[in-house]
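Colleague: This is the structure I have questions about; it appears just below.
Here it is in structure tokens:
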């Protein structure tokens, strides 16, 4: 049984800050399902586990493993009820090319600020078979601890790319990629014709999609409130909107296949 | 210009705990839109504002108002960029009766633990014209500061009732209320016939709907993942699921009206 060195505790604590994640090219994950899921897609550099965790689980492949007591583990855990497993993974370069992207359904996210929202959108993408998400440069860091936790492991299966969003969307038009955006005022999504592929743009929590992007996007979609008149709510949470829009694109695809 | 007394600071700090909210029958809200929205539905006991806020806004009706400097305001603010308005509202008794409830679409939530999820579900309800939500006794407190903030004011328009959920659902059957629940394995929501009214049950984040409730609910709905086979994601976030299911009930209602 080992004791966590001061350096290791410092390293784990530092990785909660974007500055250090960028500098070291690594990120943190804690919890059984999350660590196991991510180990299928990211290289594990350090695995910290308790003997109790090891009794019930096979250790994942890792450069270094530390087995520590539950008391030691609590020093580094960020969870209320620690499960006894924490890992440092190496970030990876993500890859994408345009002709391929244009034949898929993708999300593009403009300046999403809330880590929980970004993580939940990655989980939505995973559920609906969306493999690529394009984030603006001013979005919250996808490797942030809260984002990673909120993906519930979906980050292992969905690639998140950081791009200059206006340039990316303009470039996508060269490949005839259909572009959709969600707006408070737009066409009712249920009566608009939707393609099977394309890029769905979702805007910032407070401001929605910026006017710079609005002008690039030909199809403005709206999720109709109920009742459609005199409604009082001003917006839906962006991850809820992502779920409703993705569900409708996929529903339409399955219906069309049947016809 | 006043200085915040120690007692006021203590009161505001205490209201972040459920124990004190229950004891005092009050809750906190901060931010312009939230405070103004809630003031249309809840009685304001104390309003704390900065002179800058008062310049641009009419004060809402309140038993007591304190105008304090921005420096003073920061002492009580829980936000990164304080907007200069914080209020203490009186909780209110919520009312519902069975024959009425049975003719509406409602949510029933079993042990929702995450404040952000509960707040987002209240916002979803507001968007889709769902006026009543029934929460199990072990749900996170609806008057918790994070819940109230996440509702973005929707709490002013949606009534949230705490009930013994199994008894409530059994009682609802006496009034022929259709009961639906969301499950990982159930009938595809898009090919199941849905009524315009009824109770949609959503389960706990980690465990879903308990077997006790499962047996009471005749219609088990599933949001189909895509592709429908070999999917790897294990679940959707509960507030996203609430959004997708509510959207589908309302879409169906509008379609049926047109036919």
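Residue numbers (our numbering), protein chains in the order written: chain A, 1 to 259; chain B, 1001 to 1259.
Glycine is no exception: its CB is placed at the ideal position from the N, C-alpha and C atoms.
Short check: CB of residue 223 of chain A to CB of residue 200 of chain A, under 7 Å?
Modeller: It is not a contact, given that the beta carbons lie outside the stated cut-off.
Colleague: Give the residues from the segment 1237-1259 of chain B that approach chain A closer than 7 Å (Cβ to any Cβ), ordered along the chain.
Modeller: Flagged, chain order: 1237, 1239, 1240, 1243, 1244, 1247, 1250 and 1251.
Colleague: Quick one: what's got a C-beta closer than 6 Å to residue 83 of chain A's C-beta in the same chain, skipping five residues either side?
Modeller: Closer than 6 Å at the Cβ level, and outside the excluded window around residue 83 of chain A, lie 31 and 32.
Colleague: Measure the C-alpha to C-alpha separation of residue 1087 of chain B and residue 237 of chain A and round it to an integer number of angstroms.
Modeller: Going from the Cα of residue 1087 of chain B to the Cα of residue 237 of chain A covers about 24 Å.
Colleague: Pull up the DSSP beta-bridge partners for residue 1105 of chain B, would you.
Modeller: Bridge partners of residue 1105 of chain B: B:1198.
Colleague: List the endpoints of the continuous alpha helix (DSSP H) containing residue 1007 of chain B.
Modeller: Unbroken alpha helix (DSSP H) run through residue 1007 of chain B: 1006-1014.
Colleague: Short check: CB of residue 226 of chain A to CB of residue 1119 of chain B, under 7 Å?
Modeller: Cβ atoms of residue 226 of chain A and residue 1119 of chain B: not closer than 7 Å.
Colleague: Using 10 angstroms around the beta-carbon of residue 206 of chain A, count the other beta-carbons present and answer buried if the total reaches 16, otherwise exposed.
Modeller: Residue 206 of chain A is exposed by the Cβ-count criterion.
Colleague: Using CA atoms only, rank isn't needed, just tell me which of B:1140, B:1113, B:1105 and B:1115 is closest to residue 1126 of chain B.
Modeller: Considering only alpha carbons, the answer is B:1105.
Colleague: Closest to residue 213 of chain A by C-alpha separation, out of A:179, A:195, A:191 and A:235, would be which residue?
Modeller: The shortest C-alpha separation from residue 213 of chain A is found at A:179.
Colleague: Looking at the C-beta of residue 1116 of chain B, does it have a partner C-beta in chain A at a distance below 7 Å?
Modeller: So, interface residue.
Colleague: 7 Å is my cut-off, CB to CB: does residue 1124 of chain B come that close to chain A?
Modeller: Chain A, which has a Cβ nearer than 7 Å to the Cβ of residue 1124 of chain B, makes this yes.
Colleague: Are any of the Cβ atoms in chain A nearer than 7 Å to that of residue 1260 of chain B?
Modeller: Residue 1260 of chain B lies beyond the range of chain B shown here (1001 to 1259); nothing can be said about it.
Colleague: Rank A:54, A:253, A:156 and A:221 by C-alpha distance to the C-alpha of residue 186 of chain A and give the top, closest one.
Modeller: Answer by Cα proximity: A:221.
Colleague: By DSSP, does residue 1062 of chain B sit in helix, in strand, or in coil?
Modeller: DSSP places residue 1062 of chain B in coil when its eight states are reduced to three.
Colleague: Under 7 Å between beta-carbons, which chain B residues line up against residue 120 of chain A? List them in chain order, please.
Modeller: Simply 1237 and 1240.
Colleague: State the DSSP-derived secondary structure class of residue 1083 of chain B, mapped to helix, strand or coil.
Modeller: Correct three-state label for residue 1083 of chain B: coil.
Colleague: Is there a C-beta anywhere in chain A that falls below 7 Å from the one on residue 1183 of chain B?
Modeller: False, the Cβ-Cβ gap to chain A never drops below 7 Å.
Colleague: Give me the chain B residues within the contact set of residue 84 of chain A, using Cβ-Cβ distance strictly less than 7 Å, ordered along the chain.
Modeller: What residue 84 of chain A touches in chain B: nothing, since even the nearest Cβ is about 17 Å away.
Colleague: Give a yes or no on whether the minimum CB-CB distance between residue 1059 of chain B and chain A is below 7 Å.
Modeller: No, because no Cβ of chain A sits closer than 7 Å to the Cβ of residue 1059 of chain B.
Colleague: Comparing the C-beta of residue 198 of chain A with each C-beta of chain B, is any distance below 7 Å?
Modeller: For residue 198 of chain A, the answer is no, since every Cβ of chain B falls outside 7 Å of its Cβ.
Colleague: CB-CB under 7 Å to residue 9 of chain A, same chain, minus the five flanking residues each way: which ones, in chain order?
Modeller: Answer for residue 9 of chain A: 75 and 76, listed in chain order.
Colleague: Would you say residue 98 of chain A lies against chain B (beta-carbon separation less than 7 Å)?
Modeller: False, the Cβ-Cβ gap to chain B never drops below 7 Å.
Colleague: Which same chain residues end up closer than 8 Å to residue 123 of chain A when comparing Cβ atoms and leaving out the 5 residues on each side of it in sequence?
Modeller: Excluding positions up to five away in sequence, the list reads 150, 151, 152 and 154.
Colleague: For residue 1144 of chain B and residue 1020 of chain B, I'd like the C-alpha separation in whole angstroms.
Modeller: Approximately 11 Å, taken between the alpha carbons.
Colleague: Applying the criterion that 16 or more other CB atoms from any shown protein chain within 10 Å of the CB defines a buried residue, is residue 81 of chain A buried or exposed?
Modeller: Classification for residue 81 of chain A: exposed.
Colleague: Our contact map puts residue 116 of chain A next to residue 1116 of chain B with C-beta atoms below 8 Å; I'd like the distance itself, whole angstroms only.
Modeller: Between residue 1116 of chain B and residue 116 of chain A the Cβ distance is about 6 Å, and since that is below 8 Å, they are a contact.
Colleague: First and last residue of the alpha helix (DSSP H) that includes residue 1150 of chain B?
Modeller: Element bounds for residue 1150 of chain B: 1145-1150.
Colleague: Comparing the C-beta of residue 1129 of chain B with each C-beta of chain A, is any distance below 7 Å?
Modeller: It does: the Cβ of residue 1129 of chain B has a partner Cβ on chain A nearer than 7 Å.
Colleague: Sort A:36, A:18 and A:17 by Cα distance to residue 59 of chain A and report the nearest one.
Modeller: It is A:36 whose Cα lies nearest to the Cα of residue 59 of chain A.
Colleague: For residue 1015 of chain B versus residue 1068 of chain B, is the C-beta spacing smaller than 7 Å?
Modeller: Cβ atoms of residue 1015 of chain B and residue 1068 of chain B: not closer than 7 Å.
Colleague: Comparing the CB of residue 101 of chain A with every heavy atom of the ligand GTP, is any distance shorter than 6 Å?
Modeller: The ligand GTP is absent from the structure shown, which contains no ligands of any kind.
Colleague: Compute the Euclidean distance between the alpha carbons of residue 1146 of chain B and residue 176 of chain A, then round it to the nearest angstrom.
Modeller: Straight-line Cα distance between these residues: approximately 43 Å.
Colleague: Along the segment 214-227 of chain A, where does the CB come closer than 9 Å to a CB of chain B? Name the residues.
Modeller: From the segment 214-227 of chain A, only 223, 224, 225, 226 and 227 have a Cβ closer than 9 Å to chain B.
Colleague: Where residue 257 of chain A and residue 196 of chain A are concerned, what is the direct C-alpha to C-alpha distance, given to the nearest angstrom?
Modeller: Distance between the alpha carbons of residue 257 of chain A and residue 196 of chain A is about 11 Å.
Colleague: For a contact defined as C-beta to C-beta under 7 Å, what are the partners of residue 1190 of chain B on chain D?
Modeller: You won't find chain D in this structure, because its protein chains are A and B.
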